Amino acid sequence: MDHVISGVAKFQKEVYPSKETTFRKLAEGQNPEVLFITCADSRIDPNLVTQTDPGELFICRNAGNIVPPHSNQTGGMTASIEFAVAALGVSHIVVCGHTDCGAVKGAINPEKLDSLPHVREWLGHCRAATEVVKERCGEEQLCLDHLEAVTQENVVLQMQHLRTHPAVAAKIATGRVALHGWIYNIKTGGVTCYNEESGEFEPMDSRYEAFSHKAAVTV
Ligand code: ZN
79 MDHVISGVAK
89 FQKEVYPSKE
99 TTFRKLAEGQ
109 NPEVLFITCA
119 DSRIDPNLVT
129 QTDPGELFIC
139 RNAGNIVPPH
149 SNQTGGMTAS
159 IEFAVAALGV
169 SHIVVCGHTD
179 CGAVKGAINP
189 EKLDSLPHVR
199 EWLGHCRAAT
209 EVVKERCGEE
219 QLCLDHLEAV
229 TQENVVLQMQ
239 HLRTHPAVAA
249 KIATGRVALH
259 GWIYNIKTGG
269 VTCYNEESGE
279 FEPMDSRYEA
289 FSHKAAVTV
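Everything in the sequence shown is counted per my numbering, starting at 79 for the first residue and increasing by one.
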């Protein structure tokens, strides 16, 4: 913990002064363009991966980057999504899964979660993803060989759940919010993106013009 505490001191001494104008402006309010939903996994840093600054991403994290389908029961995710979309007016929502996701492994082997009853129940929100993969591969029992497929289906499923939230549905219907499904590869730093037309996850450069443009500039 010591390095975390000394990190705060370093931030205040070295980082804050170099961006003081930005922080003073941010103190007056936020206007993020993107709601970024990802896993709580410690190996993911949304601002690092997207090279964005404070104020640019409204970030919601939990085990498995799950968006519970809308219900009349209030939950942290439901309230945060409603706030981001209806109050802050974000125009993009990214659901970002990742490789080696412990939550997805848990969804594949829920019988190993007997000592973690809340995790087991939470991962029930991924069940449709495991069922889709089971149906596609014709297996009754999934194993870690199916990890990539379930990770992808889970992102697609959570995008579907997003559409059940009234604030999101309204903005999608009027073209004011766009959904994105990504998978971040911890080992390679790569990001693949869901293409709704093909139903496949594709490399980022074939999905977004801005990515190719920036890459070309760097080269
Ligand atoms: Zn994870």
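Backbone N, C-alpha and C define an ideal beta-carbon position, used for all residues, glycine too. All values reported here derive from a predicted model rather than from experimental measurement.
In the DSSP secondary-structure assignment, Leu135 is bridged to Val112. Counting only runs that start and end inside the segment 172–236, the alpha helix (DSSP H) elements of at least 4 residues fall at 180–186, 195–200, 205–215. Looking at Ser276, Glu106, Cys271, the one whose alpha-carbon comes closest to that of Met282 is Cys271. Taking 7 Å as the cut-off, the C-beta of Cys204 does not count as close to any heavy atom of the ligand ZN.
DSSP lists no bridge partner for Gly85. Inclusion of Asp119 in the 7 Å shell around the ligand ZN follows from its C-beta lying nearer than that to a non-hydrogen atom of the ligand. Around the beta carbon of Leu201, 16 or more other beta carbons sit within 10 angstroms, so the residue counts as buried. Three or more pairs of CB atoms, one per stretch, sit closer than 8 Å, so the segment 230–237 contacts the segment 256–274. Counting C-beta atoms within 10 angstroms of its own C-beta, Gly175 has 16 or more neighbours from the protein chains shown and is therefore classed as buried. Of Lys88, Ala251, Pro195, Val246, the smallest CA-CA separation from Val172 is found for Val246.
In the three-state scheme derived from DSSP, where H, G and I count as helix and E and B as strand, Thr270 is classed as strand. Non-local beta-carbon contacts of Arg198 in its own chain, meaning distances under 7 Å to residues more than five positions away in sequence, involve Pro188, Leu191 in chain order.
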